[in-house]
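Here the structure is laid out as C-alpha cells; the discussion comes afterwards.
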Amino acid sequence: MSAEYQQLTHHVAMRDGLPSAIRPTLLEEAQQDWKAHPRFAGKARFFMKIHRQLLDGADWLADRTEQLLDTPQSTLVDQINASGIQQRTAHLLHFAHGHHEIEDHGYFPQFIQLYPNLEHAMQLLDGDHKVLDETLDGTETGLADLMRNPNRDSVGLLHRNAAALKKIMHRHITDEEDIIIPIFLRHG
Ligand SMILES: [Fe+2]
Ligand SMILES: [Fe+2]
Numbered sequence: 001m002s003a004e005y006q007q008l009t010h011h012v013a014m015r016d017g018l019p020s021a022i023r024p025t026l027l028e029e030a031q032q033d034w035k036a037h038p039r040f041a042g043k044a045r046f047f048m049k050i051h052r053q054l055l056d057g058a059d060w061l062a063d064r065t066e067q068l069l070d071t072p073q074s075t076l077v078d079q080i081n082a083s084g085i086q087q088r089t090a091h092l093l094h095f096a097h098g099h100h101e102i103e104d105h106g107y108f109p110q111f112i113q114l115y116p117n118l119e120h121a122m123q124l125l126d127g128d129h130k131v132l133d134e135t136l137d138g139t140e141t142g143l144a145d146l147m148r149n150p151n152r153d154s155v156g157l158l159h160r161n162a163a164a165l166k167k168i169m170h171r172h173i174t175d176e177e178d179i180i181i182p183i184f185l186r187h188g
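The opening residue of the sequence shown carries number 1 in the working numbering; numbering runs sequentially from there.
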C-alpha cells in the first residue's frame with residue numbers, strides 16, 4: 001500500500017469521502033441521474049445489487065454480534081446456533097473476496113485502459129480492497145474463535161471486527177460507485 005494511500009485523506013477507515021484530487025478525474029454523470037439512464041439496467045444495476053447484498057451482510061453481522069454481546073453465557077451457544085451466524089458470515093466472506101477478485105483482475109485494469117485519468121482512483125479502490133481483505137481475514141479468525149470457544153471475549157472480538165467491516169464497507173462502496181457506475185453507464 002502506497003504512502004499516499006495511508007494518509008488520512010485516502011485511507012478507507014479514515015476518509016469522509018473521495019479525496020479532492022480524485023473527484024475531478026471522474027466521469028460526470030450525476031448520481032441522481034443514474035437510475036434514469038438508458039444503460040442503467042446493465043452492469044450498473046447488477047453491481048449496485050451485489051453491493052447492496054454485501055452491505056446487508058456486513059450490517060447484519062455487526063447487528064447480530066452486538067445482540068450477542070448482551071446474551072447471557074447460559075444461552076449463548078443456543079443463540080449462536082439459532083442465528084445462523086457461522087453460515088451467513090462464511091457466505092459474506094466468500095462473496096466479498098470473490099467480488100474484489102473480479103474487480104481487481106477483471107474490471108479495474110480495463111477501466112484504466114479506457115480512462116487513463118482514472119488510474120489514481122483505481123489505485124485508491126485497490127488500496128481499499130487490501131484493507132477490506134485484512135478486515136475480512138480478521139472476521140474469519142474471529143468467527144473461528146467464537147465457534148471454538150463461545151464466550152464474552154470471543155463475541156467481543158468478532159463484534160469489533162464486524163463493526164470495522166461495516167464502517168469501511170459502506171465507505172468503500174459509496175466511493176467505488178461514484179467512480180465505476182458512470183463508466184458502466186457509458187459502456188453498458
Ligand atoms: Fe464493488
Ligand atoms: Fe470494491
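Every residue gets a Cβ at the ideal spot worked out from N, C-alpha and C, and that includes glycine.
Under DSSP, the alpha helix (DSSP H) around residue i begins and ends at which residues?
| i | result |
| --- | --- |
| Leu114 | 108-114 |
| Leu54 | 45-69 |
| Leu27 | First-last for Leu27: undefined, no H or E at that position. |
| Thr139 | 119-148 |
| Val10 | According to the sequence shown, residue 10 is His rather than Val. Premise fails: His10 is in no alpha helix (DSSP H) and is neither H nor E. |
| Gln86 | 85-102 |
| Ala36 | Taken as a continuous stretch (DSSP letters only), Ala36 belongs to no alpha helix (DSSP H), as it is neither H nor E. |
| Met195 | There is simply no residue 195 to check, as the chain begins at 1 and stops at 188 in what is shown. |
| Ala3 | 3-6 |
Looking at residue j and residue i, is the spacing between their C-beta atoms short of 7 Å?
| i | j | result |
| --- | --- | --- |
| Gly57 | Leu92 | yes |
| Ala44 | Ile181 | yes |
| Ala121 | Thr25 | yes |
| Lys167 | Asp59 | no |
| Thr139 | Asn161 | yes |
| Asp175 | Leu18 | yes |
| Ile22 | Phe111 | no |
| Ile80 | Arg64 | no |
| Gly142 | Leu158 | yes |
| Gly188 | Gly42 | yes |
| Ala96 | Ala163 | no |
| Glu29 | Leu185 | yes |
Per the contact definition of three or more C-beta pairs closer than 8 Å, is the region 129-140 in contact with the region 100-116? Yes, the region 100-116 is in contact with the region 129-140.
I'd like to know if the region 4-18 and the region 171-179 are in contact, where contact means that at least 3 CB-CB pairs between them fall below 8 Å. Inter-segment contact for the region 4-18 and the region 171-179 is present: three or more beta-carbon pairs are separated by less than 8 Å.
Contact the region 151-158 vs the region 63-80: 3+ CB pairs below 8 Å: With the cut-off at 8 Å, the region 151-158 and the region 63-80 touch.
Under 7 Å, CB to nearest heavy atom of ligand 1: contacting residues: Applying a distance threshold of 7 Å between residue Cβ atoms and the heavy atoms of ligand 1 selects Phe47, Ile50, His51, His99, Glu103, Ile173, Glu176, given in chain order.
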